[in-house]
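Asks:
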Amino acid sequence: MSKKLMLALLLGLVLLALAAPAFAQGDASAAARPEKNQWMLLTAGFMAIAAAGCGYAQSRALTAACEGVSRNPGATDTIRIFTFLGLAFIEFLALLTFVVILMLLYM
Numbered sequence: 003m004s005k006k007l008m009l010a011l012l013l014g015l016v017l018l019a020l021a022a023p024a025f026a027q028g029d030a031s032a033a034a035r036p037e038k039n040q041w042m043l044l045t046a047g048f049m050a051i052a053a054a055g056c057g058y059a060q061s062r063a064l065t066a067a068c069e070g071v072s073r074n075p076g077a078t079d080t081i082r083i084f085t086f087l088g089l090a091f092i093e094f095l096a097l098l099t100f101v102v103i104l105m106l107l108y109m
């Protein structure tokens, strides 16, 4: 295996080990409202999918911007402006998904 893959696996294992104590003790009010708890995993999955999609879109946008600058260095400023604008819109989608999920969970 490559060093990057090993480092990513090790980092993932460390993060999982650090997150385990957070779930060790259940919430006392969890038994009072089981209908909310059954949707928490589903909403977390939607948030993960949205974050992964936004991350992929940002990487594609930056790749296209780098290729555009390498093909036409004179248009660097214009490409930079539109790249930052596009990245802001993509990040807004991830944050909007997070806000909508929180509203669904707590309202």
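Under this note's numbering, the sequence shown has 72 at position 70, and the numbering climbs by one with no breaks.
Even for Gly, the Cβ is constructed at its ideal location relative to N, Cα and C.
What you are looking at is a predicted structure, and each value in this text was computed from that prediction instead of being measured.
For my contact list, M49 and F100 are in at a C-beta cut-off of 8 angstroms; report their separation, rounded to the angstrom.
Replies: The residue labelled residue 49 in the question sits at position 47 within the sequence shown. The residue labelled residue 100 in the question sits at position 98 within the sequence shown. Confirmed, about 6 angstroms.
Asks: Can you give me the start and stop residues for the alpha helix (DSSP H) that G88 sits inside?
Replies: Residue 88 sits at position 86 when you count from the first residue of the sequence shown. 78-108 is the span of the alpha helix (DSSP H), which, as asked, contains G88.
Asks: So A67 packs on T85, CB below 8 angstroms; how close in whole Å?
Replies: Taking the first residue of the sequence shown as 1, we reach residue 67 at position 65. Taking the first residue of the sequence shown as 1, we reach residue 85 at position 83. Contact flag correct, Cβ pair sits at about 4 angstroms.
Asks: Looking at the structure shown, is G61 part of a helix, part of a strand, or coil, going by DSSP?
Replies: In the sequence shown, residue 61 corresponds to position 59, counting from 1. The residue you asked about is not Gly; residue 61 is Ser in the sequence shown. Reduced to three states, the DSSP call for S61 is helix.
Asks: Sorted by chain position, which residues of the same chain lie with C-beta nearer than 8 angstroms to L64's C-beta, five sequence neighbours on each side aside?
Replies: The residue given as residue 64 occupies position 62 in the sequence shown. Excluding residues within five positions, the ones whose Cβ falls inside 8 angstroms are T85, L89.
Asks: Count the other CB atoms within 10 Å of the CB of I83; is the residue buried (16 or more) or exposed (fewer)?
Replies: Your numbering for residue 83 matches position 81 in the sequence shown. It counts as exposed.
Asks: Can you check which of these residues, M109, L104, L107, A96, is closest to I51 by C-alpha distance?
Replies: Mapped onto the sequence shown, residue 51 falls at position 49. Residue A96 is the option with its Cα nearest to I51.
Asks: Alpha carbons only, please: which of M8, M42, G14 is nearest the one belonging to L106?
Replies: By one-based count along the sequence shown, residue 106 stands at place 104. The option with the nearest alpha carbon to L106 is M42.
Asks: Just to confirm, is the Cβ distance from I92 to T45 under 8 angstroms?
Replies: On the sequence shown, position 90 is the one that residue 92 refers to. On the sequence shown, position 43 is the one that residue 45 refers to. No. Outside cutoff.
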